[in-house]
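**Student:** This is the structure I want to talk about, given as structure tokens.
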Amino acid sequence: MELGKRERQIMDAVYRLGHATVAEVRAELSDAPSYSAVRGMMRFLEDKGQLRHVQDGVRYVYQPTVAPAKARKSAMEKLVHTFFGGSAGEAVAALIEDANLPEGDLDRLQTLIDKARKEGR
Numbered sequence: 057m058e059l060g061k062r063e064r065q066i067m068d069a070v071y072r073l074g075h076a077t078v079a080e081v082r083a084e085l086s087d088a089p090s091y092s093a094v095r096g097m098m099r100f101l102e103d104k105g106q107l108r109h110v111q112d113g114v115r116y117v118y119q120p121t122v123a124p125a126k127a128r129k130s131a132m133e134k135l136v137h138t139f140f141g142g143s144a145g146e147a148v149a150a151l152i153e154d155a156n157l158p159e160g161d162l163d164r165l166q167t168l169i170d171k172a173r174k175e176g177r
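For the sequence shown, our numbering assigns the number 57 to the initial residue and increments by one for each residue that follows.
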């Protein structure tokens with residue numbers, strides 16, 4: 057499901073917070089639109105199946121409908137497909153070449169590569 061820039065920002069805020077009210081999400085946004093605009097976008101995200109809410113007194117508390125790990129996997133698949141022609145190797149190579157990774161990250165990546173080789177992936 058395609059999300060606009062502001063929708064993605066709202067979803068990112070809800071993922072960071074775990075669950076959130078409109079006011080809490082609005083506080084997380086840079087250059088936040090009005091309360092009613094954020095509320096409308098969150099309802100729209102609920103209509104799209106991205107959020108659900110529970111009522112807590114007079115306020116709605118929103119939660120993502122997709123687990124963060126599943127959302128990350130979906131976003132990575134879309135990124136790899138869109139910018140790297142579906143090649144995960146090209147995406148990883150670009151990250152390694154373009155990022156200034158600390159030694160610990162490079163060691164972790166090498167461990168993951170070694171494990172993948174052993175498993176025949």
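Just so it is clear, CB atoms sit at the ideal spot from N, CA and C, and this is done for glycine as well.
1. Can we say the region 113–120 touches the region 67–78, given the rule of at least three CB pairs closer than 8 Å?
2. Going by DSSP in three states, Q111 sits in which element: helix, strand or coil?
3. Of the choices E159, V122, A69, whose alpha-carbon is the least far from that of M97?
4. Quick one: any contact between the region 59–68 and the region 77–91, if contact means 3 or more CB pairs under 8 Å?
5. Between which two residues does the alpha helix (DSSP H) holding A144 run?
6. Contact check, T121 vs G105 under 8 Å by CB: the rounded distance?
7. In or out: L107 buried (at least 16 other Cβ within 10 Å) or exposed?
8. In angstroms, rounded to a whole number, what distance separates the CA positions of A93 and A125?
9. Would you report the Cα separation of A155 and V148, rounded to the nearest angstrom?
10. Determine the extent of the alpha helix (DSSP H) in which G96 is found, giving its start and end residues.
11. How many angstroms separate the CA atom of E159 from the CA atom of D112?
12. Mapping the DSSP letters down to three states, classify P124 as helix, strand or coil.
**Tutor:** Quick look at the numbers:
1. yes
2. strand
3. A69
4. yes
5. 144–154
6. 6 Å
7. buried
8. 28 Å
9. 10 Å
10. 91–103
11. 46 Å
12. helix
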